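*Asks:*
In this note's numbering, the protein residues as written are 23 to 499.
#1: Taking 8 Å as the threshold, find out whether the stretch 222-229 comes into contact with the stretch 151-170 through three or more Cβ pairs.
#2: Under the three-state reduction of DSSP, which class applies to residue 421: helix, strand or coil?
#3: Can you say whether residue 159 is buried or exposed, counting buried as having 16 or more other CB atoms within 10 angstroms of its CB?
#4: Name, in chain order, the residues that DSSP records as bridge partners for residue 493.
#5: Please classify residue 403: is it buried, with 16 or more other beta-carbons within 10 angstroms of its beta-carbon, or exposed?
#6: Determine the direct distance from the alpha carbon of residue 122 to that of residue 114, and round the result to whole angstroms.
#7: Which full runs of the alpha helix (DSSP H) of 4+ residues lie inside the stretch 331-417, going along the chain?
#8: Let me make sure I understand the geometry here. Which of 66, 383, 130 has the alpha-carbon closest to that of residue 233?
#9: DSSP puts residue 246 in a beta bridge; with which residues?
#10: Taking buried to mean at least 16 other C-beta atoms within 10 Å of its own C-beta, is residue 47 buried or exposed?
#11: Take the Cβ of residue 309 as the centre, count every other Cβ of all protein chains shown within 10 Å, and call the residue buried at 16 or more, exposed below.
#12: If you measure between the beta carbons of residue 211 and residue 95, is that distance less than 8 Å?
#13: What separation, rounded to the nearest whole angstrom, lies between the Cα atoms of residue 53 and residue 357?
#14: Go through its chain and collect everything with a Cβ distance to residue 338's Cβ below 6 Å, but skip five positions before and after it.
#15: Leaving out five residues on either side along the sequence, give the residues of the same chain with a beta carbon under 7 Å from the beta carbon of residue 109.
#16: Inspect the beta-carbon positions of residue 399 and residue 325 and report whether they are closer than 8 Å.
#17: Locate the beta strand (DSSP E) running through residue 500, then write down its first and last residues.
#18: Can you list, in chain order, the residues of its chain whose CB lies under 7 Å from that of residue 449, leaving out five sequence neighbours each side?
#19: Taking the alpha-carbon of residue 167 as reference, which of 191, 146, 331, 42 has the nearest alpha-carbon?
#20: Flag this pair as yes or no: are the beta carbons of residue 181 and residue 481 separated by less than 8 Å?
#21: Within 10 angstroms of its Cβ, does residue 446 collect 16 or more other Cβ (buried), or is it exposed?
#22: Please state whether DSSP places residue 55 in a helix, a strand or coil.
#23: Under 8 Å between the Cβ atoms of residue 131 and residue 184?
#24: Under a Cβ-count criterion, where at least 16 other Cβ atoms within 10 Å of its own Cβ denotes burial, should residue 40 be classed as buried or exposed?
#25: Just how far apart, CA to CA, sit residue 261 and residue 353?
#26: Give the straight-line distance between the Cα atoms of residue 429 and residue 139, rounded to the nearest whole angstrom.
#27: Run the CB neighbour count on residue 492, radius 10 Å, all protein chains shown included, and call it buried at 16 or more, exposed below.
#28: Please return the same chain residues whose Cβ sits closer than 8 Å to the Cβ of residue 320, not counting the five positions on each side in sequence.
#29: Suppose only complete runs of 3+ residues qualify. What are the beta strand (DSSP E) ranges in the stretch 247-312, listed by chain order?
#30: Which residues mark the beginning and the end of the beta strand (DSSP E) in which residue 456 is found?
#31: Beta-carbon within less than 6 Å of residue 455's beta-carbon, same chain only, minus the 5 sequence neighbours each way: which residues are those?
#32: Helix, strand or coil for residue 473? Go by DSSP, reduced to three states.
#33: I'd like to check one pair, residue 370 with residue 388: are the Cβ atoms closer than 8 Å?
#34: For residue 217, tell me which candidate among 452, 31, 499, 273 has the shortest Cα-Cα distance.
#35: Between 215, 37, 443, which lies nearest to residue 98 when the distance is taken from Cα to Cα?
#36: Grouping DSSP H, G and I as helix and E and B as strand, with all else coil, what is residue 83?
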């Protein structure tokens, strides 16, 4: 796959004209999966030209016809599911079952936005002008530059492509070079579905040859990013010269409050499954637990015993619960977080070490208790297989501790008290809140954060409107 393709520009697969080939590494064994030719800046400009030239025709295409294209893409994706799941597992390291589920969720995005394309409603407002009528209209913003991360290499792509195409925008997408084959799988489905040339384009390559031309281009009217908070801050600065629309899903450090009336067994089962999915490399995963002191010891013990039973290994092996981290950099980052916890008096209840297996980037599911609030595992996003657990006595100091974070993507709580639920939803500073549930990411609901976790929303009706301009027409007859 990598040798013959790599870039999808103006409806055609082509090799990139960049100078140095890039190896794609399987994080489960450290071996090279393949090599591709990266995009050059010339390739990126070609993709921008293709998107700009395709825009008038695509925005003029009736919403019903755009919906038909998205449905056709979804059908092609269903047909490619087995091959796609294998590619996802190989490139990202996640277990095959999780890879299959990610592809299914990506299909959901195209199915949902096929319907949303038909539901772009304007409105009529009574005018103050005699004989007048005010029409509020929604129009596609134009050419979109989209950037995606490696941790969910297909669903992040689908979250950007589906609403943008449904809205009538054209797209140049730049995915992570660590997982290029996953984006290629989706773009091949676009090609097979007959999407018009230039409507969606793919460039994979170094920052100087892809990111910089896209951000600087006046052709691009909107940028959508899934990435780190640091990259989001840099993107705001870099795009300021051309005043682009921005939507960003950035870092997270989700708190979980376990109140004294919580169903502890349910909380433990859901939390362990969520925390160690994708080796903890999930922006909305449960990171830092604030457990009522009456439940604290039982919760820590139960969490550790469940975590210790998880089967860690190569993603395509049978019965694997958790795969590797994506690369050696993440492995070193996790080691530093654990070392910091030890220095600050944290108790490693289970894990806390590398697992030597297949030459991959494996780290044991780790549970750390008795942590101070300034430990890295509490204060920063760990983006790995670390569950940090601390206790609280009452709500007087709880809210200051829970909300004392620059990140505010998601937050969770376990309780059955109706009044406490209302207070918790109101007082948690986050773009998304889960009560007795971690199920926040679905095509039909808005996904996104506040504060340093980003701006804008993906999913739901809100997702398509992030790709549209609002126009007021005052009409007097």
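The C-beta atom is built at its ideal place from N, Cα and C for all residues, glycine as well.
Since this is a predicted model, take the numbers as computed values, not measurements.
*Replies:* Let me lay it out:
#1: Counting Cβ pairs under 8 Å, fewer than three are found: no touch.
#2: Helix, per DSSP.
#3: So residue 159 counts as exposed.
#4: According to the DSSP secondary-structure assignment, residue 493 is paired through a beta bridge with 159.
#5: The residue in question, residue 403, is buried, as its Cβ has 16 or more Cβ neighbours within 10 Å.
#6: Going from the Cα of residue 114 to the Cα of residue 122 covers about 12 Å.
#7: Runs of the alpha helix (DSSP H) inside the stretch 331-417: 350-365, 398-401.
#8: With distances taken between Cα atoms, residue 233 lies closest to 66.
#9: Per DSSP, 168, 269.
#10: Counting other Cβ atoms within 10 Å of its Cβ, residue 47 reaches 16 or more and is therefore classed as buried.
#11: A residue is called buried when at least 16 other Cβ atoms come within 10 angstroms of its Cβ; residue 309 meets this threshold and is buried.
#12: With contacts defined by Cβ atoms closer than 8 Å, residue 211 and residue 95 form a contacting pair.
#13: Linking residue 53 to residue 357 through their CA atoms gives a straight-line distance of about 22 Å.
#14: Contacts found: 111, 118.
#15: Excluding positions up to five away in sequence, the list reads 203, 204, 207.
#16: It is not a contact, given that the beta carbons lie outside the stated cut-off.
#17: Outside the displayed span of the chain (23 to 499) sits residue 500, for which this structure offers no information.
#18: Result list for residue 449: 421, in chain order.
#19: By alpha-carbon distance to residue 167, the top candidate from 191, 146, 331, 42 is 191.
#20: A contact, by the Cβ cut-off of 8 Å.
#21: Residue 446 is buried by the Cβ-count criterion.
#22: If DSSP states are grouped into helix, strand and coil, residue 55 belongs with the strands.
#23: Contact: yes.
#24: Buried: at least 16 other Cβ atoms inside 10 Å.
#25: For the pair residue 261 and residue 353, the Cα-to-Cα distance works out to about 32 Å.
#26: Near 32 Å, if we compare the C-alpha coordinates of residue 139 and residue 429.
#27: Residue 492 is classed as exposed because its beta carbon has fewer than 16 other beta carbons within 10 Å across all chains shown.
#28: Excluding positions up to five away in sequence, the list reads 286.
#29: Counting whole runs of 3 or more residues, the stretch 247-312 contains the beta strand (DSSP E) stretches 267-271, 276-280.
#30: Annotation: the continuous beta strand (DSSP E) that includes residue 456 extends over 454-457.
#31: If we look at residue 455 and ignore the five residues flanking it on each side, its Cβ neighbours are 433, 447.
#32: For residue 473, the three-state secondary structure derived from DSSP is strand.
#33: For residue 388 and residue 370, yes; Cβs fall inside 8 Å.
#34: Across the set 452, 31, 499, 273, the C-alpha of 31 shows the shortest separation from the C-alpha of residue 217.
#35: For residue 98, the nearest C-alpha among the options comes from 215.
#36: Residue 83: coil per DSSP, three-state reduction.
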